[in-house]
Every structure is written in structure tokens, then in C-alpha cells.
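The UniProt record's numbering numbers the first residue of the sequence shown as 8 and each following residue consecutively. All C-beta atoms in this analysis are idealised placements derived from N, C-alpha and C, irrespective of residue type, glycine included. Have a look at the structure below before the remarks.
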Amino acid sequence: NDPHAMGKDKSPQAVLEHVFGYQQFRGLQKQAIDTVMQGQDVLLLMPTGGGKSLCYQIPSLCRAGMGLVISPLIALMDDQVAALRQLGINAGALHSELDARETATIRRDLMNGSLDLLYISPERLLSDEMWRLLQKVQISLIAIDEAHCVSVWGHEFRPEYRLMTNLPSIFPSVPRIALTATADPTTKEDILTALAMKEAKVFQASFHRENLFIRSLPKQGETKQLLTILDKYQNDACIIYCGSRNKAERVAAMLVERGFVALAYHAGLSSLEKRGVLLRFRSGEPLIIVATIAFGMGIDRPDVRLVVHLDMPKGPEHYYQQIGRAGRDGDPAETVLLYGGEDIVKARYWVQQSTSTEEQKKIARSRLDMMVAFAETTHCRTQILLRCFGEELSHPCGHCDNCKYPVSLFNGTIAAQKVLSAVYRTGQRFGALHIINVLKGKKNNNIEHFQHDRLSLFGIGKDKTNQFWRAVIRQLMAKDALRQGIEHSNLFLNQEKALPLLKGEEQLYLREDIAQAEIEKTSSNQ
Ligand code: ADP
Ligand code: ZN
8 NDPHAMGKDK
18 SPQAVLEHVF
28 GYQQFRGLQK
38 QAIDTVMQGQ
48 DVLLLMPTGG
58 GKSLCYQIPS
68 LCRAGMGLVI
78 SPLIALMDDQ
88 VAALRQLGIN
98 AGALHSELDA
108 RETATIRRDL
118 MNGSLDLLYI
128 SPERLLSDEM
138 WRLLQKVQIS
148 LIAIDEAHCV
158 SVWGHEFRPE
168 YRLMTNLPSI
178 FPSVPRIALT
188 ATADPTTKED
198 ILTALAMKEA
208 KVFQASFHRE
218 NLFIRSLPKQ
228 GETKQLLTIL
238 DKYQNDACII
248 YCGSRNKAER
258 VAAMLVERGF
268 VALAYHAGLS
278 SLEKRGVLLR
288 FRSGEPLIIV
298 ATIAFGMGID
308 RPDVRLVVHL
318 DMPKGPEHYY
328 QQIGRAGRDG
338 DPAETVLLYG
348 GEDIVKARYW
358 VQQSTSTEEQ
368 KKIARSRLDM
378 MVAFAETTHC
388 RTQILLRCFG
398 EELSHPCGHC
408 DNCKYPVSLF
418 NGTIAAQKVL
428 SAVYRTGQRF
438 GALHIINVLK
448 GKKNNNIEHF
458 QHDRLSLFGI
468 GKDKTNQFWR
478 AVIRQLMAKD
488 ALRQGIEHSN
498 LFLNQEKALP
508 LLKGEEQLYL
518 REDIAQAEIE
528 KTSSNQ
């Protein structure tokens with residue numbers, strides 16, 4: 008009796024070919040779609056760009072009734088709706104930024120049953136009026152996009168998502184599909200519980216990206232390192248992520264001054280400016296986007312060859328998503344994380360200072376620690392990263408720096424003890440440079456003023472370079488044995504972690520390449 012529903016007897020394969028113009032399903036798409044088609048609930052975990060959208064769009068078009076898609080991202084909703092309309096699908100979105108006329112049209116189509124797919128923000132869905140309206144409509148399936156938003160542990164918790172628990176009682180026998188690109192085991196469990204989807208079939212795609220060469224380097228002159236990295240990519244699209252708007256502006260200006268085509272992108276731009284940057288990015292011209300975390304949604308340029316991080320990402324999910332924007336076309340692409348001890352200390356400090364609850368701070372700290380471990384590791388980086396998403400890679404990847412150029416370690420405990428003692432004996436009031444001067448036995452006004460040249464440890468580190476001592480300090484910061492005051496940049500000990508090292512109860516291993524760099528430096532100095 009519903010003319011629209013009656014037309015819907017097409018097979019997923021036919022819709023894939025005739026509506027979307029693709030020949031074959033990719034990866035887990037077919038299995039996920041078949042399961043939803045049978046009326047079962049699904050949780051689909053797939054990296055960004057994996058092709059999650061088709062997994063709810065196709066069953067919506069094949070099953071009788073309208074597909075309901077819950078999504079928290081307005082910009083993304085509008086993009087999807089526009090793309091679907093181009094394919095001749097009657098899709099609409101209901102969210103707070105829509106004008107009255109558009110809303111009225113969508114309502115009309117919703118009521119007369121001609122809407123194929125309705126995208127809706129959780130706030131809108133939760134209004135009483137919307138509930139009543141939707142109960143009069145035949146619904147083919149409910150898709151819950153960005154399902155990790157339901158989890159407190161997830162990095163983008165949205166309280167409204169918690170109310171989705173009620174969906175099965177209000178729409179019994181409508182299959183649900185929850186989708187996310189976050190796959191750590193805690194978030195996964197949270198989603199299944201919070202959405203009352205314990206019976207759902209879980210499909211988890213591998214997060215392994217074999218065409219990404221993953222590198223991480225300690226900062227030793229950030230600008231110079233960045234320019235060296237960019238050298239190979241003069242004719243490509245690159246993204247450089249920065250921790251703040253200011254820095255994004257600064258780095259972009261620096262690059263422009265050196266003749267690069269570079270544009271800053273961050274939340275401080277007007278929407279017109281943002282659109283301008285996105286337009287140029289999508290145009291296919293070679294260029295560098297210097298961005299904050301705000302650059303992300305709806306980025307679909309396949310030929311990004313390089314992603315650089317100049318600041319430590321908040322956690323592995325952000326990091327993975329951001330490096331995942333490189334090499335979408337499957338061709339080789341490179342990612343480089345530049346990190347410094349001070350950045351890590353600062354990031355920890357901001358977590359501490361934030362107004363979040365203790366529980367949230369704990370989560371944020373543990374995420375940051377995962378990133379630090381990733382940055383400092385001498386093992387396969389891909390293995391470490393995938394483990395954050397609950398995936399075990401049985402063999403080293405072969406496409407990260409540590410796999411390609413294995414590093415060996417040496418015992419740096421004595422060096423660590425020298426640093427920690429120097430920090431302690433000078434009263435924990437001085438920054439890294441002063442501590443290094445004490446270790447190297449380098450006199451200057453400050454040293455003489457504070458009589459630090461009289462300390463017994465003055466000059467005990469003469470035989471090593473400044474760079475070596477910086478590396479030791481950085482690693483001590485990464486281990487949280489050394490902390491740094493935000494206002495005066497003074498180093499001080501975190502007793503809990505520092506004492507075991509000082510007492511020799513714990514050993515600190517350093518990368519051989521740092522020692523190597525030191526040897527090269529000393530020999531070239533002679
Ligand atoms: P996700 O939501 O997982 O980030 P999308 O659904 O946006 O990914 O899909 C990423 C890209 O892959 C889109 O451009 C989409 O058209 C394309 N795509 C998805 N499935 C297929 C397929 N079976 N064949 C070819 N291209 C596909
Ligand atoms: Zn590896």
C-alpha cells in the first residue's frame with residue numbers, strides 16, 4: 008500500500024552498481040550489509056575512509072521504509088545529503104542550522120513516505136515532537152554514526168547519545184547499525200552496552216595501513232626538520248598538524264615566506280575563509296595545509312602524500328585519524344611525528360589544569376601516555392598503534408622507521424642519574440639549558456651567581472654533547488621522572504618515578520642512534 012516501499016525489492020549488489028556506480032563491495036561491506044538486510048543489529052568498526060556509509064545507505068534503499076541516520080556532525084550530514092541527492096536519492100537532514108523552508112520540505116516528504124534517508128542530529132531526534140512524527144513512518148533501519156560518542160572513554164563523548172538506549176523499545180524490530188572508526192576494546196564494549204546491542208554482530212576491519220611509512224623523531228630544531236621533510240614533497244598535497252591556532256598561523260606564514268604554497272586552517276577562521284581553504288585543498292593543486300585538529304571532517308582528498316605532526320596529538324585515536332588522511336589512494340605516503348619533552352610536559356599540564364572530572368583526566372592522561380609510548384618506542388610503531396585499537400599484528404610491519412632502521416639501546420641509567428642529581432642539587436628551579444651547562448661545566452653569569460660551579464657534579468657530563476643531554480632530559484620527561492614548571496620552565500623531579508632511577512633500582516635505556524649522533528658530533532668538532 009506504500010508505493011515507495013513497494014519499489015524497494017532491489018538487491019544490495021544491484022544498488023551498489025546502478026545507484027552508486029561501484030562494481031564490488033570492499034572489505035566487510037557485504038557481510039555487514041547482508042546481516043542488516045536479515046534484520047540483525049550490527050556494530051561496524053572500520054577506519055575512516057573504509058567505506059562505512061554504504062553499509063547503511065544500501066540497506067536503507069533495499070529494505071522497505073526510510074533509513075534513519077543519527078549523526079552528530081552537521082557539516083558531514085550536509086555533505087552526505089548533497090552527494091546522495093546527486094545520485095537521485097531523496098535524502099534530507101534535520102538539524103539546528105537548517106532554515107524553515109528546508110525543514111518544511113523534509114517534513115512533508117517524511118510524512119508522505121517519499122524520503123529514502125533522513126539524517127538527524129541526536130538533539131533533534133530526542134525532541135518529543137520528533138519521536139511522535141517518526142512513529143508514524145515506516146523505518147527500514149537505524150544507523151548510529153560516530154557511535155563512539157556514546158562512550159565516556161571515547162574521545163568525543165556526547166551525553167545525548169546515552170539516550171539512544173531507548174531506541175529498541177520505541178522501534179522494535181527495526182535493525183540498527185552502529186558505526187565508528189574507534190576500535191579500542193573499552194569503547195567497543197561501551198557502545199554495545201550503552202546502545203543495548205549486546206546481541207549485535209560485530210564486524211571489525213583491520214586498521215593496518217600498509218602504504219603509510221610511519222616515522223617519529225625527537226625535535227632538534229623544529230623548523231629545520233620540517234623543511235628537510237618537506238623537501239621531497241614540493242609538488243604534493245601535505246597536511247601539517249599543530250597544537251594551537253597561533254602556531255598554525257605562524258608555521259603557515261613561515262612556509263609562505265620560503266616560497267611554499269601553504270594555508271592555515273583552524274576554528275578561528277570565518278566559515279567563508281574555511282570554505283576557501285577547503286576548496287583549494289580539494290581542487291587537486293599541490294599545497295600545504297597547516298591545521299589544528301579542526302581540519303578533519305569531510306576531508307576527502309585521496310592524494311595527500313605527507314602528514315606531519317608538530318605537536319603531540321591528544322591520543323592514538325586522533326593521531327590515527329589524522330595520519331589516515333595520507334595516502335587514501337593506496338599509493339605510498341609518509342607520516343612524521345615530531346615531539347619534544349617540553350611538549351609532553353605541557354600536554355600533561357593542560358590535562359591537569361582542565362575543568363574535567365578526575366575520571367576524565369585519568370582517561371586523558373592514559374591516552375597521552377599511549378602517544379608518548381608510541382613516540383618513544385624502539386619497536387614496530389604499527390604494532391604499538393594497532394594494539395591501541397585492540398588489534399594484534401603478528402609480525403613487525405616493515406613500513407615504519409623502527410622496522411626499516413632498527414635501533415639498538417644502551418643503558419643510560421648513569422646519564423639519567425647525573426641529570427636528576429643536577430636538577431635536585433640546583434634546587435629544582437632551573438630550566439634544561441642551565442642544567443646542561445652545569446653538567447658540561449660551562450661557566451656563565453648565572454652559574455657563577457648561584458655558585459653552581461662549586462657543586463661536586465659541575466662538569467661531570469663534559470664528555471657528552473648538549474644534544475645528548477637534551478635527549479636524556481627529554482626521555483626523563485617522557486617517563487614522567489622529570490617535570491617542568493609551566494611558568495618558569497624549571498625542571499623538577501617527580502619523586503615516584505625519579506627515585507627508583509636515582510637508587511639504581513630501575514634502569515633507563517636510551518636509543519643508540521642518539522649516542523651515535525653524539526659520537527659523530529664530537530668527531531666533527533675536532
Ligand atoms: P567512512 O565513512 O568509513 O570514512 P566513506 O563511507 O566516506 O568512509 O567511504 C570512503 C570513500 O570510499 C568514499 O569516497 C566512497 O564513495 C568510497 N567507497 C566506499 N565503498 C566503495 C566500494 N565498494 N567501491 C568503491 N569505492 C567505495
Ligand atoms: Zn614497523
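- Apart from sequence neighbours up to five positions away, the residues of its chain that approach Ile81 with a beta-carbon distance below 6 Å are His102, Glu104, ordered along the chain.
- Between Val49 and Ala274, the gap from beta carbon to beta carbon reaches 8 Å or more.
- Rounded to whole angstroms, the separation of the alpha carbons of Phe465 and Asn497 is 18 Å.
- Relative to the Cα of Glu153, the nearest Cα in the group Ile113, His215, Gln328, Leu317 belongs to Gln328.
- Ser290 has its alpha-carbon roughly 50 Å from the corresponding atom of Phe437.
- Note that the C-beta distance between Leu233 and Val315 is below 8 Å.
- Shown here, Phe475 sits in a helix according to DSSP, grouped into three states.
- Shortest gap from the CB of Tyr29 to any heavy atom of the ligand ADP: under 7 Å.
- Excluding five sequence positions before and after Ser78, the CB atoms of its chain that fall closer than 6 Å to its own CB belong to Met84, Tyr126, Asp152, given in chain order.
- Contact between Gln36 and Gly58 holds: their C-beta atoms lie close to 6 Å from each other, under 8 Å.
- By the criterion of a C-beta distance shorter than 6 Å, Tyr272 is surrounded in its chain by Val284, Ile296, Ala298, Phe302, once the five residues flanking it on both sides are discounted.
- Taking the Cβ of Gly334 as the reference point, every heavy atom of the ligand ADP lies at 7 Å or farther away.
- Using a cutoff of 7 Å, the CB of Leu61 counts as near the ligand ADP, since one of the ligand's heavy atoms is closer than that.
- Distance from the CA atom of Asp470 to the CA atom of Arg335, rounded to whole angstroms, is 47 Å.
- Per the coordinates, the alpha-carbon of Asn218 lies some 45 Å from the alpha-carbon of Lys510.
- In the structure shown, the three-state DSSP call for Thr189 is coil.
- For Val268, the CB contacts under 8 Å within the same chain, skipping 5 residues up- and downstream, are Glu292, Pro293, Leu294, Ile295 in chain order.
- By a beta-carbon distance limit of 8 Å, Phe214 does not contact Pro339. Their separation comes to about 18 Å.
- Put simply, the region 171-189 touches the region 56-76. At least three CB pairs are less than 8 Å apart.
- Taking Val88 as reference, the option from Leu500, Asp310, Ile113 with the minimal CA-CA separation is Ile113.
- Assignment of Asn418 by DSSP, reduced to helix, strand and coil, places it in the strand class.
- Straight across, the Cα-Cα distance linking Cys410 with His386 is about 7 Å.
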